[in-house]
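If you read the sequences in order, they're chains A and B. Heads up: the first sequence runs through residues -16 to 505, numbered per this note's numbering. Heads up: the second sequence runs through residues -16 to 505, numbered per this note's numbering. Backbone N, C-alpha and C fix where the C-beta goes; we use that ideal spot for every residue, glycine too. Okay, structure first, notes after.
2 protein chains.
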Amino acid sequence: METPSLSTGADLLVRTLLAADIDTCFANPGTSEMHLVAAIDRAPGMRAVLGLFEGVVTGAADGYARLTEKPAATLLHLGPGLANGLANLHNARKAGTPVLNVVGDHAVRHLQYDAPLASDIDSLAGAMSHWVGRAQTPDAVATRTAEAIAATQGTPGHIATLILPADSAWGLTTTSPALCRNAEVKEPAAIDIETAGAALRKYGSRALLLLGGKALRARSIAEAFAVAEASGCRVAAPGSNARMERGGGLPEVPRIPYPVDAALAFLAEVDCIVLMGAPTPVAFFAYPDKPSVLIPERCRVVKAVAPGVDPQTAMAALASFCAPRGQQLRRAPQEAVIAPSGPLTADSIAQALAHTLPENAIVVDESVTSGRSIYATMSRSGPFTLLGNMGGSIGFGMPVALGAAVACPDRRVLAMVGDGSAFYTEQALWSLARESANATVVIFANHNYAILQGEWRNTGAGPSGKAARDMLTLDRPRADWVSIARGHGVEAERVVDAAALTQALARSYASSGPRLIEVLMA
Amino acid sequence: METPSLSTGADLLVRTLLAADIDTCFANPGTSEMHLVAAIDRAPGMRAVLGLFEGVVTGAADGYARLTEKPAATLLHLGPGLANGLANLHNARKAGTPVLNVVGDHAVRHLQYDAPLASDIDSLAGAMSHWVGRAQTPDAVATRTAEAIAATQGTPGHIATLILPADSAWGLTTTSPALCRNAEVKEPAAIDIETAGAALRKYGSRALLLLGGKALRARSIAEAFAVAEASGCRVAAPGSNARMERGGGLPEVPRIPYPVDAALAFLAEVDCIVLMGAPTPVAFFAYPDKPSVLIPERCRVVKAVAPGVDPQTAMAALASFCAPRGQQLRRAPQEAVIAPSGPLTADSIAQALAHTLPENAIVVDESVTSGRSIYATMSRSGPFTLLGNMGGSIGFGMPVALGAAVACPDRRVLAMVGDGSAFYTEQALWSLARESANATVVIFANHNYAILQGEWRNTGAGPSGKAARDMLTLDRPRADWVSIARGHGVEAERVVDAAALTQALARSYASSGPRLIEVLMA
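What follows is the structure, encoded as structure tokens:
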């Protein structure tokens, strides 16, 4: 009989991750995680990507997992390190992205002394995780890690946070790496599909098929339009989506507009909505005298996707039911967008982006106000994948672009980021440079919180005074994004007209590694 | 009888703050806080300071309150906005700083729909706050605000978080601003002082009087040394302190060293420790085969300060007991530090800092490994106030410097920040420029996580491989802090020798507004 070999808890954690094909760890370690760093160092096949702020780490894990469809691991330093990563974990949670956080803690015996970095990690983790667990001994590490991995799985994916005390990491154990069970994938129920199909037929043009989650992959979109052709229904998607295939002649899925009045108008004629992986449309924020729910009160709601069912299989089943022929993926021929010239306008920016976008690019959209007019024109690009912010917490764009570039080194990443958002996780630039990420970051520099100025008008408070203006403008001082990018090791340029933007985009795509373009709005 | 006037909940909140002399609000508002922005705009006397990341906001509130000794208010946007501010709230909590957070939430009726930005704000707040409350109606806002203000008070101060749903902010009420009751300040108990005094006399040179919290103000330090002269005891302070008066001939208080072995040696001869506002010394982190508690097992522990007692009054009482004469504040004549020349070394950097430091400067210390040798030399400066990081969460220095500069516009602020820390809240540079803060930021650019390299050696894992090196070095790419500063609107220069550092410091102190100096270590 073989003598059981001794490993540290940290080694077992890393080997359990690798056994589950989790081979990338976005990390910001500290002293309490140093034995995990040592274990990663010893493990062949585990890639560690350093972020100099934890919001970069969790955002990158989100971007990575949206594309690889397997969880990324993060490594975070105690409660404050986790806290710094929570905003982008919130976005990942709302996007249904599987993320596994490993958070180091003080050694179990040390916790009673309330050392400076001690805090209530469990409460912090619980607020943004579907699963929280602790490995209180080295022997428990492998099984708890496997439980955490299993907890990330499902449709949609989940956030799991494993808290690892330092003595569980450095302590020795004879246990073996654990294998995690895969989550059960449910088939769509025939009754759900038949009910949805019958409703679409009955309500015809007053029915809306609302696609969300994995129903926004190319094949599902094609199937949805086949159903629309057969039943007369409309097809749409929420305003933001975790991952959506677009361009290359794929039918264009209209989005529900962000402003409440526009959304109400968009949905005013809908008597029946079939939810295909999307939630019932609600307002992003509440406003005095405006409704929270955006569909009419009379509207019938049909959920086509039960919990645990993949919207892709539900969409395929609905297409077979409504349109047994004709739901194959067809791409329409499309007219290329010509290169623009002249001043930077919403239209010329959109044309520059659509004209230059490489085939199979990954576009991360945190353009906020600047991006709304870009959406339609971009559909005339070649095929691309669009990643949207599902949680609304800003500081999303550049970290997610980092993770997407790590996941897909052969595809170009384009991150479109408003300047009001870019500040929040600007440290991502350093990691983009360190990883030679093939990412182009476009900063829309309007030197305003333009979104908040719109919201200010909604308050009806009238013209803003100095204190309010000071909280709604970013022009004193004006950030110089070219300097900021170069300071972080990323080559950058500033453009002031549409031709220059077009050329700068093309140059960035022709080179490898990251590049930042500051689009200086009037 | 007067007709009751109608105000919004937001107006009442602001007027209740002003009635309690809280007139500064560090803010990062979003849509759900727009009515609070409008109320601040309407209120004469409320200053709002915008931070482009919430860690800047909470860190600035910490620095501000440490100097003004009254709470700063923060304004944060829902759960993710609060989450971004939690790491520096953790530091403020550990420092005993009073901070009042106002966190906007969705309107009460909107919460049920799980809109994108909805999250468990109460759990997030609870992890880092002593008090959490909600104002669920406009009528409740004034009294809940007064309760929150009262909850920040005490010795030490507390963190209070008031969650304000948007409809409580925009809704109308006839209530009036509420007045908050001041916390009761307890006098030191005679028995505590007599026990401490008797112990110091009994143990003599084997007794240690450990000063913490407000016992590190100038008068208390003088009193402590009078007690030491009378009893023969030693005087010391923890390694980090929220606020400590130093320089200008004030007796020098030795600190307990950070490395565990050095701390054990420092405390090896201590048979009795009198805690004057400081906690029992414990290790920052636990290590295999090293103790958590740093005093010898035999050591008697005497707490001279009961909960709710100000260490300053306890120290004064102890001095009256042990040394009824001679505890007045005396400053020894001191030899000025001469200007250094030659290469940048630990000594020459310390000399440059001590030689140039303006009288009554506020020094924020986040220099981590680079700063340890600076401490002793700085005592030969003129009088200054030192603010230390009590929670150990990095990204502390520049935000706290911002708050200190807002609190004390007539004093110069010097922030000493390691490059590994500076990244975490680099957005503070933008607010320093916006507020024309009289702050000099010195970045020690060693392009390493030097602290973590020391911790790596402590693991005993031997030489690091590529994966570990990648997580412990910051040199690929090398950050250019001059570019980063200029990108945020702060003038900056890089120095490579001691004379240049001395001149750059002097230049920064001679000008108004912020300035960054990158100290390029070998």
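The three-state secondary structure of residue 55(A), taken from DSSP, is strand. One thing to note: residue 357(A) has its Cβ no nearer than 9 angstroms to the Cβ of residue 388(A). Judged by DSSP in its simplified three-state form, residue 36(B) adopts coil rather than helix or strand.
Counting the other CB atoms within 10 Å of its CB gives residue 463(B) a total of 16 or more, which places it among the buried residues.
At a cut-off of 9 angstroms, the C-beta of residue 265(B) has a neighbouring C-beta in chain A. CA-CA distance, residue 120(A) to residue 111(A), rounds to 25 angstroms.
Taken through DSSP and simplified to helix, strand or coil, residue 305(A) comes out as helix. Between the stretch 392 to 408 of chain A and the stretch 306 to 322 of chain A there are fewer than three inter-stretch CB-CB distances shorter than 8 angstroms, so the stretches are not counted as touching.
Sixteen is the threshold: when 16 or more other Cβ atoms of the shown chains lie within 10 Å of the Cβ of residue 136(B), as they do, the residue is buried. Counting the other CB atoms within 10 Å of its CB gives residue 418(A) a total of 16 or more, which places it among the buried residues. Taking a contact to require three or more Cβ pairs closer than 8 angstroms, the stretch 187 to 200 of chain A and the stretch 216 to 231 of chain A qualify as touching.
In chain B, no part has a C-beta under 8 angstroms from the C-beta of residue -4(A); the shortest such distance is about 15 angstroms. Per DSSP, the continuous beta strand (DSSP E) segment holding residue 259(B) begins and ends at 255 to 259. Residue state for residue 320(A) is assigned as coil, using DSSP reduced to three classes. For residue 275(B), the nearest beta carbon of chain A is closer than 9 angstroms to its own beta carbon. The three-state reading of DSSP puts residue 348(A) in strand, counting E and B together. The beta carbon of residue 69(B) sits closer than 6 angstroms to the beta carbons of 111 from its chain, once the five residues preceding and following it are set aside; these are given in chain order.
Residues 45, 48, 49 and 140 of the same chain have their beta carbon placed closer than 6 angstroms to that of residue 80(A), with the five preceding and five following residues left out of the count.
In the structure shown, residue 7(A) adopts extended strand secondary structure according to DSSP, grouped into three states. For residue 343(A), the secondary structure class from DSSP, reduced to helix, strand or coil, is coil.
For residue 250(B), the enclosing alpha helix (DSSP H) begins and ends at 243 to 250.
Counting the other CB atoms within 10 Å of its CB gives residue 342(A) a total below 16, which places it among the exposed residues. Secondary structure note for residue 169(B): it is in no beta strand (DSSP E), with a DSSP letter that is neither H nor E.
A distance below 6 angstroms between beta-carbons, with the five flanking residues on each side excluded, links residue 125(A) to the following residues of its chain, in chain order: -5, -1, 158, 160 and 161.
Bridge partners of residue 217(A) according to DSSP: 191(A). Of the residues assessed, residue 256(A) falls on the buried side of the cut-off, its CB having 16 or more other CB atoms within 10 angstroms. Note that the C-beta distance between residue 149(B) and residue -10(B) is not below 9 angstroms.
Neighbours of residue 150(A) in chain B, taken as residues at a C-beta separation under 8 angstroms, are given in chain order as 269 and 271.
Contact residues of the stretch 403 to 416 of chain A toward chain B are 403, 406, 407, 408, 409, 410, 413 and 416 (C-beta to C-beta distance below 9 angstroms). Among the CB atoms of chain B, one or more fall inside 9 angstroms of the CB of residue 262(A).
Closer than 9 angstroms to the CB of residue 227(A) there is not a single CB belonging to chain B. Between the alpha carbons of residue 452(B) and residue 78(B) lies a gap of roughly 33 angstroms.
Assigned with DSSP and collapsed to three states, residue 235(A) falls in coil, not helix or strand. Spatial neighbours of residue 474(A) in its own chain (CB-CB distance under 6 angstroms, excluding positions within 5 residues in sequence) are listed in chain order as 498. Boundaries of the alpha helix (DSSP H) around residue 124(B): 124 to 135. Following the DSSP letters along the chain, one finds residue 84(A) inside the beta strand (DSSP E) bounded by residues 82 to 88.
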